[in-house]
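Asks:
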């Protein structure tokens, strides 16, 4: 009955959407946005500048690297304008998913780890070695890691979300999609704005900007923002609040236009984040919970939607993100030449109580990292009157990453291990040291023992990309494009384990105690093997070494084939076949281990001994070395897609039907102590995206969007999933299963009504609603699911003099759900997870001049 009600509700939502022909504001350009875009004749190429003939409800985009209307762009793209973002009170990029149903944004264990997912494909957080499948560009500059993407940007002009593999228009190939964020360039008329918002949890968001001319050819803009909020999770042990917001940033721009054909745009910015984030909830208090309580520790047990926790120290998340870029645009007759160079740096530090209890089991988990990124893009695009037009470009990318971290046993770890083993963990120490005299002195599980990790990562890539458009008759265009990429990566790993117990060969101990070698590797005959589960941090085999060179080099040619036709009555259709690519990604986590083809695990004291393997033959084997992955192979994407777009006065719609496949999709799975990085042989999704807008009267606009995704692991033999009986992750063949976390249906609905008074004052009422159908959260755990229903609303009153007052609310129904489920650290059989943001609301004052 419950499933039937859910299906009835979903059917009702679909019926409402199609009946109203309403989809997110993505396809509807707000009149004010078009007006703002045309305020200055000095906007640089790539800005939104509708010409005089452009209707107020036509949106201009640059997804194709040319200024075209949304209808004329034969790409599955959603465009969200500044006014839409303001009306919905999207506080940061995490909120953007309430406006774009094909996009999902997940914030994970720290402020620096955010995943962007399009059509069910996305990765890149939690592991600095993984490039995201969804590329993020801000004012044409590629942001390679999530820590460099999540700042609050003032003066947003629009956000374009390109769905599906993108290779021929962007130098940095993207296998799943692109998020292109465009901010307003400096203006040659003085102006600006200031706003402050206050809400529950003492939330304060303040923004200000100023722009104007410095001379007849030079304009400037400066802006700043502050985003602060108390945490919504109370730590009952420390008396602090977790999951706070504490971030600020500044941004400056210069625009130099020596002539109408030449312009230079310089941007410099700095963002700082310093937050206590991110708290988890206990979803299952497993068999280890009583041991933690026996030590005096607290667990807020089995409270999957709770807002309290108990830790033994305050988490830290510090991120400094800064950089600069220079863009030059030169019109040479009918050819526009663009060059963009940039440098960006991210410094981050994270320190968390990763056992998420008030017991001091794992004392500290530190993560320090620096990312230096250099990019250079040069492209030329034609605008000929004839049937042929082209775009050609080159892209250079260089990135250096250093990560350092430590995980140390806390003061309670030894007692915790003794409780789990009935005292055997400590009492066997003299016996084991007698049986294996080479065991170094030191108490098992002593405070401060653990691991120290260091990775040095270097990535250099070059791409040549472009496309050719052939229009033999008016409206009919054939497009062919390509992208050749050469990508080279190298890594140096220097990880050290000081955990004495994890460095013991328990098979050797059994043989020394008289267990026959032929059965010494069998826990039924060797009692010491019962303690193997406490060998959390065995010795590392670092690389490069004589067998593993720590390098990858990938070469790929991606391409796009498309035919499109613009009908004379404001209707257009297109059909596309495209491929995309993402290069190999290194596993920069403690679970970076040799590939099975390089090493066969086992103890040399068992009989028969392990079979020969390159690492063992080279004399590199270390005690308790296991296999895994050093890197994941490349992702290769392809999509078949057909679309239809329509644009009339007061009404617009887009429909895209697609079949998209990623071969070698890079999965990153948390196991409780580290991350396993691997490839799904093939993952696919079929579905459609429909979005539309309708304005029955000029003052009233309805919007809606519907996305349907039929996703499947076509082949994933080496997958990982939870064992539902033990609640631990185990190797699992996931072939034929629907990937967890991808809802079948995603829908957004919105409505905006503007009431204008005779004095020029305007009152605006806006509401939007997000629905995601019921979906399994984690692989193997069918009992843990989520369904999202989020309502947001804003009422604003803008005076004729530019002063504006507003009240707003997000998640007004206080919908609760878990975004992620993962195994608790060092607590086999227990599960933790993250819950969503609670209801937030507040008021805003803004002044524009």
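In my numbering, the protein residues as written are 166 to 1014. In this text, a Cβ means the ideal position worked out from N, Cα and C, and glycines have one as well. For clarity, every value in this text was computed on a predicted model and none was experimentally measured.
Tell me, to the nearest whole angstrom, how far the beta carbon of residue 744 is from that of residue 801; I am working on the premise that it is less than 8 Å.
Replies: Confirmed, Cβ separation roughly 7 Å.
Asks: Would you check if the distance between the CB atom of residue 631 and the CB atom of residue 526 is smaller than 8 Å?
Replies: Taking 8 Å as the Cβ cut-off, residue 631 and residue 526 do not qualify as a contacting pair.
Asks: I think residue 286 touches residue 827, with their Cβ atoms under 8 Å apart; what is that distance to the nearest whole Å?
Replies: 6 Å between Cβ atoms; contact.
Asks: For residue 1015, which residues from the same chain have a beta carbon less than 8 Å from its beta carbon, with the 5 sequence-adjacent residues on both sides left out?
Replies: With the chain running from 166 to 1014 in the structure shown, residue 1015 is simply not present.
Asks: Can you tell me whether DSSP reads residue 595 as helix, strand or coil?
Replies: Correct three-state label for residue 595: helix.
Asks: Compare the C-alpha of residue 810 against each of 879, 757, 729 and 799 and name the closest.
Replies: The option with the nearest alpha carbon to residue 810 is 729.
Asks: Using only alpha-carbon positions, find the residue among 892, 933 and 536 that is nearest to residue 946.
Replies: Looking at the Cα atoms, 892 is the closest of the given residues.
Asks: Assuming residue 518 and residue 478 are in contact, meaning their beta carbons sit under 8 Å apart, how far apart are those beta carbons, in whole angstroms?
Replies: Their Cβ separation, rounded to whole angstroms, is 5 Å, which keeps residue 518 and residue 478 in contact under 8 Å.
Asks: Among 951, 796 and 677, which one has its Cα closest to the Cα of residue 747?
Replies: When only C-alpha atoms are compared, the closest one is 796.
Asks: Let me check understanding here. Comparing Cα to Cα, which of 597, 383 and 898 lies closest to residue 424?
Replies: Comparing Cα-Cα distances from residue 424 to each of 597, 383 and 898, the minimum goes to 383.
Asks: Is the region 920-930 touching the region 879-896 in the sense that three or more CB pairs, one from each, lie closer than 8 Å?
Replies: Taking 8 Å as the limit for Cβ pairs, the verdict is that the region 920-930 does not touch the region 879-896.
Asks: May I ask you to report which of helix, strand or coil DSSP gives residue 418?
Replies: Looking at residue 418 - three-state DSSP - the assignment turns out to be strand.
Asks: Evaluate contact between the region 424-442 and the region 478-490, counting only Cβ atoms and requiring at least three cross-stretch pairs below 8 Å.
Replies: Touching, yes, given that three or more Cβ pairs across the two stretches are closer than 8 Å.
Asks: Count the other CB atoms within 10 Å of the CB of residue 638; is the residue buried (16 or more) or exposed (fewer)?
Replies: Result: exposed.
Asks: Less than 7 Å between the CB of residue 911 and some heavy atom of the ligand HEM, yes or no?
Replies: Within the structure as shown, the ligand HEM is missing, as the structure has no ligands at all.
Asks: Taking the alpha helix (DSSP H) that residue 683 falls in, what are its first and last residues?
Replies: No alpha helix (DSSP H) holds residue 683; DSSP gives it neither H nor E.
Asks: Starting from the N-terminal side, write out each stretch of the beta strand (DSSP E) that is 3 residues or longer and does not extend beyond the region 891-922.
Replies: With a minimum length of 3 residues, the continuous beta strand (DSSP E) runs that stay inside the region 891-922 are 893-897 and 910-921.
Asks: On the CB-based measure, 16 or more other CB atoms within 10 Å of its CB, does residue 890 come out buried or exposed?
Replies: It counts as exposed.
Asks: The beta strand (DSSP E) that contains residue 357, what's its start and end?
Replies: Looking at the DSSP string, the run of the beta strand (DSSP E) that includes residue 357 is 356-364.
Asks: Buried or exposed for residue 198, please, with buried defined as at least 16 other CB atoms from any protein chain shown within 10 angstroms of its CB.
Replies: Residue placement at residue 198 cannot be trusted, given a pLDDT of 36 that sits under 50; what the coordinates show is reported in the next sentence. Classification for residue 198: buried.
Asks: For residue 512, which residues in the same chain have their Cβ closer than 6 Å to its Cβ, ignoring the five residues on either side in sequence?
Replies: Excluding positions up to five away in sequence, the list reads 485 and 535.
Asks: Please state whether the Cβ-Cβ distance between residue 474 and residue 444 is less than 8 Å.
Replies: Yes.
Asks: How would you label residue 1007, buried or exposed, when you count the other beta carbons within 10 angstroms and need 16 or more for buried?
Replies: Classification for residue 1007: buried.
Asks: Have a look at residue 803 and residue 1004 and give me their C-alpha separation to the nearest angstrom.
Replies: The alpha-carbon atoms of residue 803 and residue 1004 are separated by roughly 39 Å.
Asks: Looking at residue 916: is its Cβ nearer than 8 Å to the Cβ of residue 867?
Replies: Yes, Cβ-Cβ distance for residue 916 and residue 867 is below 8 Å.
Asks: Name the DSSP bridge partner or partners of residue 438?
Replies: DSSP, once it has assigned bridges, lists 412 and 484 as partnering residue 438.
Asks: Three or more C-beta pairs under 8 Å: does that hold for the region 953-969 against the region 350-357?
Replies: Cβ pair count under 8 Å is below three, so no.
Asks: Is the beta carbon of residue 617 sitting closer than 8 Å to the one on residue 660?
Replies: In contact: residue 617 and residue 660 (Cβ atoms closer than 8 Å).
Asks: So, is residue 789 buried or exposed, given that buried needs 16 or more other C-beta atoms within 10 angstroms?
Replies: So residue 789 ends up on the buried side.
Asks: Between which two residues does the alpha helix (DSSP H) holding residue 232 run?
Replies: Premise fails: residue 232 is in no alpha helix (DSSP H) and is neither H nor E.
Asks: Within its chain, find whatever has a CB closer than 6 Å to the CB of residue 594; leave out the 5 residues flanking it on each side and keep chain order.
Replies: Result list for residue 594: 609, in chain order.
Asks: Where does residue 579 sit, in a helix, a strand or coil, going by DSSP?
Replies: Correct three-state label for residue 579: helix.
Asks: Does the distance from the CB of residue 434 to the CB of residue 416 come in under 8 Å?
Replies: Yes, they are a contact pair.
Asks: Using a Cβ-Cβ cut-off of 8 Å, state whether residue 387 counts as contacting chain B.
Replies: In the structure shown, chain B cannot be found, because there is only a single protein chain.
Asks: Sort 242, 304, 305 and 280 by Cα distance to residue 295 and report the nearest one.
Replies: The shortest C-alpha separation from residue 295 is found at 280.
Asks: Under 8 Å by Cβ, that's how I've got residue 919 and residue 864 pegged, so tell me the actual separation to the nearest angstrom.
Replies: Correct: roughly 5 Å between the Cβ atoms.
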